[in-house]
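Take a look at the structure below.
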Amino acid sequence: MSDYTLRDRTHNCNSLTSRDAGKEVILIGWVASRRNLGGAVFVDLRDREGITQLVFLQEKEGDLQSRAQQLRYEDVVSVRGTVISRGDKNKTGKIKTGEIEVDVSELNIYSRSEPLPFPIRDDISSTLETRLKYRYLDLRRTSVQKNLIMRSKFVSAIRKYLTGDGFLEIETPYMVKYTPGGARNFLVPSRLNQGQFYALAESPQIYKQLLMVAGMEKYFQIAKCFRDEDPRQDRQLEFTQIDLEMSFADENDIMNLVEAMIIQAFTETGLKFNSVPFQKMEWEQAMSLYGCDKPDTRFGIPHVNLNKFASESGIGILEKAAQNSFLVKGICIPKSASFFSRKKIDELTEFVKKEEIGQAKGLIWLKLGADGAFTGSVAKFLTPEKTEILKNTMSVEVDDTVFIVADETAVTHKVMDNLRRHIAKILNIIPPGSFSALWVTRFPMFEKSSEGQWVSSHHPFTHPVREDLEKLGTEQQGSVKAMAYDLVINGNEVGGGSVRIHDSEIQAKVFKSLGIADEQAQQLFGFLLEAFKYGVPPHAGFAAGLDRLAMIITGAESIRDVIAFPKSVNGADLMTNAPTRVLEKQLQELGIAVNSNPEKE
RNA sequence: GGGGUGGUAGUUAAGAUGGUUAUAACGCCGGCCUGUCACGCCGGAGGCCGCGGGUUCGAGUCCCGUCCACCCCGCCA
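Residue 13 is where the first sequence starts when you use the numbering used here, and the numbers rise one by one after that.
Below, the structure written as structure tokens:
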């Protein structure tokens, strides 16, 4: 008896075929299943690559078979044995190694497993709560392992691409100076400086710009970022960005680089985009065609602006909407007239009225019949002339269904965006396994906060487009566009970036436009402004959400499925029970008092 | 902060209008079995029905509160 190590292992559990028959092999893994037939015992041995069947027959010398009979789920063992063909009668296509089995001559048990909290099988799912509590067991399931393996391959392709292109991988601090604005920060108390706090970095933004000042030219980092905001299906408190920055670069340099990098990483992961090069679209066009800045371009159904038609349509509510400068938009769903029964349309009407969908007041629908006339909620108001105009404006054909929403601009956009995606889903028109990428460019530089203040849409170091520079600080400030770009894949914002300001005059103008006084700017970003005095190269960068990319390439439904140890929706680690209270002594060292609620234990 | 769904053996679930001893499957324990691959067959153990109140002769079931998980809005690039 000997304890084998990985060096002794001759094959993984996914590699043996009938061509290996007769070989003596050593395998190491977990007992995935045991089938005890009395005279013959079959054991499925599992490692991260796959499963191989072991067989223990009665004729074997010693107590080998009785020891095999005592094996239980998830015992960790190594075996030495001979590969034998199962023959046509006993082979199976269910596993890749189904042609063979290993006739075991030596069995070593490294450790035994107690009965499991839940079965480790892909076809039986447990509740998420239990799975997260025993995450290390959940991670043994091949479906989750597959995701992490794919993510690893993806990251290594990214690294390979960027280092091959002359990028330096440089780490930046996670514990940084707190700056207001943007996401809520996690705070880290300082023992050496009682009463003072670091912030956990929301992103390496400022440091990477300083690396450009430092002359690094091309920087990247696979960086953890921390944001104290409510987690969602695609958001965690801590997540990972592929962060990069390049000197002497303009928008197209960055987009070309990132595009090539993403395509390369997809290719190495065995995935392909529907069309290359990626489509580019200005923000305004995206809003007009899709009502959102991250449209899913795997399918069509664009929005059509109907304000002109509405204003002279003869339909009371539409004419009134147009007079009130509401936004009137329609979508045409081809060959769907029979699909949209009265019941389905009523359901859609309820759908668009929901608050989270945008709270439209109603949904106008029309179906074009074989006779060339519309039927539907407002059909009776349509003259033959107006019918023709609508048909032409929206390219409506027989058996198509048209949906129209007229409301305040933001509401119409939000509702029509949701409606377009919802209809694509219920009509099942999104081809599975397809990937469609889109660059959205020329984002607005500013937006109004809820308090009516101008705030940066991206961040205050984003460069405005040249032709809008004179609009800064004027009435037209809202229409200033930024040299900013987002990468959208399948309707997910997977990353974004911008050209940064390197001219102190422009930077001063932008701060002024945001109502940030000089001394305030000094206080917040003084070190950056100071650095920029000593020779700053023009630079631009990009940051991609690695977790979202991993979700897309694996088809995962939740960000938790591509993170080894994710947190719950309340930010808890259910396995370790973090966060926890700490000792009074620890708090004293930090100079912190907690307004605690001891009964709440 | 707001809205929704769920919580019953180790696990996954069933438990109409409140009514005897709370079911099933898998797992676990014991026995049988030489071609299984979700092996099969026989037997057994296993429960604070999330937690705390309340209504009732009687609560897994009804009411109130609370905790946890998940989804959405707000928030978040």
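Cβ coordinates follow ideal geometry from the N, Cα and C atoms, glycine included.
CA-to-CA distance, E250 to M627, given in whole angstroms | Any property of residue 627 remains undetermined from this structure, which presents the chain solely from 13 to 613.
If you follow the alpha helix (DSSP H) that M406 is part of, which residue opens it and which one closes it?
-> Unbroken alpha helix (DSSP H) run through M406: 396–406.
Starting from the C-beta of S11, find all residues in its chain whose C-beta is less than 7 Å away, skip the five residues before and the five after it, and write them out in chain order.
-> Any question about residue 11 goes unanswered here, given that the chain covers just 13 to 613.
Determine, using beta carbons only, whether I112 and R92 come nearer to each other than 8 Å.
-> no
Between the C-alpha atoms of A33 and K101, what's the straight-line distance to the nearest angstrom?
-> The C-alpha of A33 lies about 16 Å from the C-alpha of K101.
Taking only runs that begin and end inside the stretch 403–447, name each unbroken beta strand (DSSP E) of 3 or more residues, in chain order.
-> 413–419
Contacting residues, own chain, Cβ-Cβ under 6 Å from Q81 (five flanking each side not counted) | N48, V53
Could you spell out where the beta strand (DSSP E) holding E294 opens and where it closes?
-> 291–294
Going by CA-CA distance only, name the one from L541, H23, S30 that's closest to F523.
-> L541
Look up G132 in the DSSP assignment and say whether it is helix, strand or coil.
-> Per the sequence shown, the amino acid found at residue 132 is Ile instead of Gly. Of the three classes helix, strand and coil, the one that applies to I132 here is coil, per DSSP.
Classify A605 as buried or exposed, calling it buried when 16 or more other Cβ atoms lie within 10 Å of its own Cβ.
-> Classification for A605: exposed.
Uninterrupted beta strand (DSSP E) stretches inside the stretch 129–175 (no shorter than 3 residues) | none
Candidates V88, D480, K437: which alpha carbon is nearest N502's?
-> K437
Where K12 falls: helix, strand or coil (DSSP) | As displayed, the chain neither begins before 13 nor continues past 613, which places residue 12 out of reach and without an answer.
Status (buried if at least 16 other CB within 10 Å, exposed otherwise) for Y302 = buried
Pick helix, strand or coil for F260, following the three-state DSSP scheme.
-> Note: F260 maps to coil in three-state DSSP.
Kindly confirm or deny that the stretch 546–553 and the stretch 234–244 touch, where touching means at least three C-beta pairs closer than 8 Å.
-> For the pair of segments examined, the stretch 546–553 was found not to touch the stretch 234–244: the number of CB pairs separated by less than 8 Å stays below three.
Measuring alpha carbon to alpha carbon, tell me which of P549, L119, V452 ends up nearest K292.
-> V452
I179 versus A226: straight-line alpha-carbon distance, rounded = What sits at residue 179 in the sequence shown is Phe, not Ile. Using only the alpha carbons, I get a separation of about 14 Å.
For the alpha helix (DSSP H) containing L561, list its first residue and its last residue.
-> 558–566
Which partner residues of V316 appear in the DSSP bridge assignment?
-> G342
Please report the residue range of the beta strand (DSSP E) in which A195 lies.
-> Looking at the DSSP string, A195 is not in any beta strand (DSSP E), and its letter there is neither H nor E.
Whole-angstrom distance between A520 and H475, CA atom to CA atom = 12 Å
Which residues share a DSSP beta bridge with S45?
-> D56
Mind checking S448: buried by the 16 CB within 10 Å criterion, or exposed?
-> buried
Which residues in the same chain as K398 place their Cβ atom closer than 7 Å to its Cβ, once the five residues preceding and following it in sequence are excluded?
-> Excluding positions up to five away in sequence, the list reads S325, G326.
Residue ranges of each beta strand (DSSP E) run of no fewer than 3 residues wholly in the stretch 491–554, ordered along the chain?
-> 496–501, 504–511
Measure the beta-carbon distance from Q248 to K579 and round it to whole angstroms, keeping in mind my assumption that it falls under 8 Å.
-> Between K579 and Q248 the Cβ distance is about 6 Å, and since that is below 8 Å, they are a contact.
Nearest CA to the CA of T142: which residue from Q598, T592, M587, R593?
-> Comparing Cα positions, the closest option is M587.
Taking DSSP as the reference, what is the three-state secondary structure of S123?
-> strand
Taking Cβ positions, are L212 and E257 nearer each other than 8 Å?
-> No, they are not a contact pair.
Hey, R152 and I121: beta-carbon distance below 8 Å or not?
-> no
For D115, which beta-bridge partners are listed by DSSP?
-> V67, T94
Kindly list the residues whose CB is nearer than 7 Å to the CB of I401, restricted to its own chain and excluding five residues on each side of it in sequence; keep chain order.
-> F321
Express the C-alpha separation of P549 and S259 in angstroms, rounding to a whole number.
-> 6 Å
Integer Cβ distance of P472 from L526, believed to fall under 8 Å = 6 Å
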